[in-house]
Amino acid sequence: MNKKFWKEVRSDVLMIVVALAIGLFLSKYVIANAQVPSSSMETTVMAGDRIFVNRLSYVFGEPQRGDIVTFIYPDDGETLYLKRVMGLPGETIQGKDGKIYIDGKALEKDFTQEISYDDFGPYTVPEDSYFMMGDNRNDSWDSRYWKHTFVEKEDIVGKAMVSYFPHPRLLK
359 MNKKFWKEVR
369 SDVLMIVVAL
379 AIGLFLSKYV
389 IANAQVPSSS
399 METTVMAGDR
409 IFVNRLSYVF
419 GEPQRGDIVT
429 FIYPDDGETL
439 YLKRVMGLPG
449 ETIQGKDGKI
459 YIDGKALEKD
469 FTQEISYDDF
479 GPYTVPEDSY
489 FMMGDNRNDS
499 WDSRYWKHTF
509 VEKEDIVGKA
519 MVSYFPHPRL
529 LK
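Add 358 to a position in the sequence shown, counting from 1, and you land on the number used in this note's numbering.
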């Protein structure tokens, strides 16, 4: 084998190693790829949708009400969940007569067309924690029912940005 051949092989191997390193870096620190297993976020995100999650979303900012986030389920510390942020740190959240109240005022925009008559709360959200709800309120295992009601900021993986398959769209 000649030197030119080995030089090309070395160049190709180096390119593959660099590409793998970049891919691993992006996967670990920038983007998460997830598949939605349940219908708890329908009709916003459907069961079986593949989504991209931006891991950098909250490096310089805080989650906002309405953000769809992926996080570690607080009751087992390992399962990844996808829900919408509804209660922010320091707020009191309550569900009563089909409406959600934040600090005693009914939310104008609750991010769903579905009405849930399951009353809950009131819960006061601790600092650096969030109250999560699914958009499919009548079929969502969320903060209303968990043993550990709140998700700590450090357990939020990132903000869901795009559903790319089989229903491509931006997530809001």
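In this text, a Cβ means the ideal position worked out from N, Cα and C, and glycines have one as well.
Give every residue of the same chain whose Cβ lies closer than 6 angstroms to the Cβ of T482, excluding the five residues on either side of it in the sequence, and list them in chain order.
Here residue 482 refers to the residue found at position 124 when the sequence shown is read from its first residue. Answer for T482: T450, listed in chain order.
Leaving out the 5 sequence neighbours to the left and right, which residues in its chain are closer than 7 angstroms to S415 when beta-carbon positions are compared?
Walking along the sequence shown from the start, residue 415 turns up at place 57. Correct list, in chain order: G516 and K517.
I need the straight-line Cα distance from N360 to A390, nearest angstrom please.
Taking the sequence shown and counting its residues from 1, the one referred to as residue 360 is at position 2. Taking the sequence shown and counting its residues from 1, the one referred to as residue 390 is at position 32. Approximately 43 angstroms between the Cα atoms of the pair.
Among M399, D433, G406 and G448, which one has its Cα closest to the Cα of G424?
Here the question's residue 424 lines up with position 66 in the sequence shown. Comparing Cα positions, the closest option is M399.
So is K441 buried or exposed if we call it buried at 16+ other beta carbons inside 10 Å?
One-based indexing of the sequence shown puts residue 441 at position 83. K441 comes out buried.
Can you check which of these residues, S396, E472, S498 and P421, is closest to S487 by C-alpha distance?
As a first step, residue 487 must be located in the sequence shown, where it is residue number 129. It is P421 whose Cα lies nearest to the Cα of S487.
Does the structure place the stretch 499-506 close enough to the stretch 523-530 that three or more beta carbon pairs sit under 8 angstroms?
Touching, no.
Can you give me the start and stop residues for the alpha helix (DSSP H) that Y522 sits inside?
Within the sequence shown, the letter at position 164 stands for residue 522. Segment I514 to F523 is the beta strand (DSSP E) holding Y522; no alpha helix (DSSP H) there.
My assumption, with CB atoms under 8 angstroms, is that F429 sits in contact with D513. Please give the rounded CB distance.
Along the sequence shown, read from residue 1 onward, the residue named residue 429 stands at position 71. Along the sequence shown, read from residue 1 onward, the residue named residue 513 stands at position 155. With a Cβ gap of about 5 angstroms, F429 and D513 count as contacting.
Is R368 buried or exposed, if buried means 16 or more other CB atoms sit within 10 Å of its CB?
To locate residue 368, count along the sequence shown from 1; it is residue 10. Classification for R368: exposed.
Which parts of the stretch 362-412 are runs of the beta strand (DSSP E), unbroken and 3 residues or longer, counting only runs that do not cross its ends?
Counting whole runs of 3 or more residues, the stretch 362-412 contains the beta strand (DSSP E) stretches 389-393 and 408-412.
Give a yes or no on whether the C-beta atoms belonging to M491 and V411 are separated by under 8 angstroms.
Taking the first residue of the sequence shown as position 1, residue 491 is located at position 133. Taking the first residue of the sequence shown as position 1, residue 411 is located at position 53. Contact flag unset, no.
What does the alpha-carbon distance come out to for the pair Q393 and S521?
Locating residue 393 in the sequence shown gives position 35, where the first residue counts as 1. Locating residue 521 in the sequence shown gives position 163, where the first residue counts as 1. Approximately 9 angstroms between the Cα atoms of the pair.
Less than 8 angstroms separating the beta-carbons of D454 and D468?
Along the sequence shown, read from residue 1 onward, the residue named residue 454 stands at position 96. Along the sequence shown, read from residue 1 onward, the residue named residue 468 stands at position 110. First, the residue type needs correcting, since residue 454 is Lys and not Asp in the sequence shown. No, the pair does not count as a contact, with Cβ atoms beyond the cut-off.
May I ask you to list the residues that DSSP assigns as paired with Q471?
Counting from 1 along the sequence shown, the entry for residue 471 is found at position 113. BP columns for Q471 are empty, so no partner.
Got a sec? Which residues, its chain only, sit under 6 angstroms from G462 by beta carbon, not counting five neighbours each side?
For the purposes of this step, residue 462 is taken as the residue at position 104 of the sequence shown. For G462, where only same-chain residues beyond five positions count, there are no Cβ hits under 6 angstroms.
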